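K.L.:
Dropping a structure here in structure tokens format, bear with me for questions.
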Amino acid sequence: DVKVTQSSRYLVKRTGEKVFLECVQDMDHENMFWYRQDPGLGLRLIYFSYDVKMKEKGDIPEGYSVSREKKERFSLILESASTNQTSMYLCASTADMNSPLHFGNGTRLTVT
Amino acid sequence: QKEVEQNSGPLSVPEGAIASLNCTYSDRVSQSFFWYRQYSGKSPELIMSIYSNGDKEDGRFTAQLNKASQYVSLLIRDSQPSDSATYLCAVNMASGTYKYIFGTGTRLKVLA
Chain A
-12 DVKVTQSSRY LVKRTGEKVF LECVQDMDHE NMFWYRQDPG LGLRLIYFSY
38 DVKMKEKGDI PEGYSVSREK KERFSLILES ASTNQTSMYL CASTADMNSP
88 LHFGNGTRLT VT
Chain B
14 QKEVEQNSGP LSVPEGAIAS LNCTYSDRVS QSFFWYRQYS GKSPELIMSI
64 YSNGDKEDGR FTAQLNKASQ YVSLLIRDSQ PSDSATYLCA VNMASGTYKY
114 IFGTGTRLKV LA
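Protein chains in written order, with our numbering: chain A, -12 to 99; chain B, 14 to 125.
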């Protein structure tokens, strides 16, 4: 079974803080993704990575950056957290673009 | 028009009945189709993938795909209260693109 692990289930941060969300997968998948999910808006892609050190912007990259130094790890960085970044953040991975995404448990981030 | 559309529900069915969840998509070149179940506060978990026209069965679940009508559905037989969740339809275009497009989900309530 694919295992995608997100480091925190719940996080509370203050406005302006730099926030790191970590994601690790154990299936040697090439492709990793960061989504946020908000009520009524569904899942929106922030960034994805198709290889180590390679990244592509998704639909809503503003205010975020990512890092993929090792194949198994994909980090999402909020450079200066704002209240409108309060959301559920979901990491996912897949072996190839025809296969389904496998999601981590999610991180519920609250920015106050 | 949204790229992937689902009725938000709630869809209420009595225990033991068949629940029918529907999804339409706008991009004719879409190749891969996925159904996810998401319990409140949890991350999406994959139920089924379907890639070719027709029916695909897995236990109590049947996915149906009709590419000509741009329509994919999920049937849940012998519905149980534990099936109460939000069901997300996801569509991916032809390989080579990162675009997994998610519907906003249909909330299913199975009444005991």
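Ideal placement from N, C-alpha and C gives every residue a C-beta, glycine not left out. If you're wondering where the values come from, they're calculated on a predicted model, not measured in any experiment.
Under the DSSP definition of a beta bridge, which residues are partnered with D13 (chain A)?
P.N.:
According to DSSP, which records beta bridges pairwise, D13 (chain A) is partnered with nothing at all.
K.L.:
Going by C-alpha to C-alpha distance, which of A:R23, A:Q(-7), A:E17 and A:L63 sits closest to T73 (chain A)?
P.N.:
Selected option, being the one with the closest Cα: A:R23.
K.L.:
Could you give the first and the last residue of the continuous beta strand (DSSP E) run that contains Y64 (chain B)?
P.N.:
Taken as a continuous stretch (DSSP letters only), Y64 (chain B) belongs to no beta strand (DSSP E), as it is neither H nor E.
K.L.:
Mind listing the chain A neighbours of Y113 (chain B)? Cutoff is C-beta to C-beta under 7 Å, in chain order.
P.N.:
Residues of chain A passing the Cβ test: L88.
K.L.:
Tell me, which residues are paired with M84 (chain A) by DSSP?
P.N.:
For M84 (chain A), which the question treats as bridged, DSSP gives no partner whatsoever.
K.L.:
Just to make sure I have the definition right: I need the residues of chain A whose C-beta is within less than 9 Å of the C-beta of S45 (chain B). Which are they?
P.N.:
By Cβ distance, chain A contributes M84, N85, S86 and P87.
K.L.:
Taking CB distances under 8 Å as the criterion, tell me whether G22 (chain B) reaches chain A.
P.N.:
No, its Cβ sits nowhere closer than 8 Å to a Cβ of chain A.
K.L.:
Buried or exposed, going by whether 16 or more other CB atoms sit within 10 Å of the CB of I31 (chain B)?
P.N.:
That one is exposed.
K.L.:
Give me whichever residues DSSP pairs with G29 (chain A) in a beta bridge.
P.N.:
DSSP output for G29 (chain A) lists A:D25 as bridge partner(s).
K.L.:
Would you tell me roughly how many angstroms separate the C-alpha atoms of L87 (chain B) and A81 (chain B), rounded to the nearest one?
P.N.:
For L87 (chain B) and A81 (chain B), the distance between alpha carbons rounds to 17 Å.
K.L.:
Here's the rule I'm using: 16 or more other beta-carbon atoms within 10 Å means buried, otherwise exposed. How should A125 (chain B) be labelled?
P.N.:
So A125 (chain B) ends up on the exposed side.
K.L.:
Please list, in chain order, all residues of the same chain as V26 (chain B) whose beta carbon is under 8 Å from its beta carbon, the five residues on each side excluded.
P.N.:
Excluding sequence neighbours, V26 (chain B) sits near A32, S92, L121, K122, V123 and L124.
K.L.:
Under 8 Å, Cβ to Cβ, is there at least one residue of chain B near L(-2) (chain A)?
P.N.:
False, the Cβ-Cβ gap to chain B never drops below 8 Å.
K.L.:
According to a CB-to-CB cut-off of less than 7 Å, which residues of the stretch -2 to 24 of chain A neighbour chain B?
P.N.:
Of all residues in the stretch -2 to 24 of chain A, none has a Cβ within less than 7 Å of some Cβ in chain B.
K.L.:
Is the CB of N92 (chain A) under 8 Å away from at least one CB in chain B?
P.N.:
Output row for N92 (chain A): interface = yes.
K.L.:
Does the CB of G27 (chain A) have a neighbour CB from chain B at under 8 Å?
P.N.:
Cβ-Cβ to chain B under 8 Å: yes for G27 (chain A).
K.L.:
Applying the 10 Å Cβ sphere with the 16-neighbour rule, what's the burial state of G93 (chain A)?
P.N.:
Answer is buried; the Cβ neighbour count reaches 16.
K.L.:
Could you spell out where the beta strand (DSSP E) holding S33 (chain B) opens and where it closes?
P.N.:
Element bounds for S33 (chain B): A32 to Y38.
K.L.:
Do V(-11) (chain A) and H89 (chain A) have their CB atoms nearer than 8 Å?
P.N.:
A contact, by the Cβ cut-off of 8 Å.
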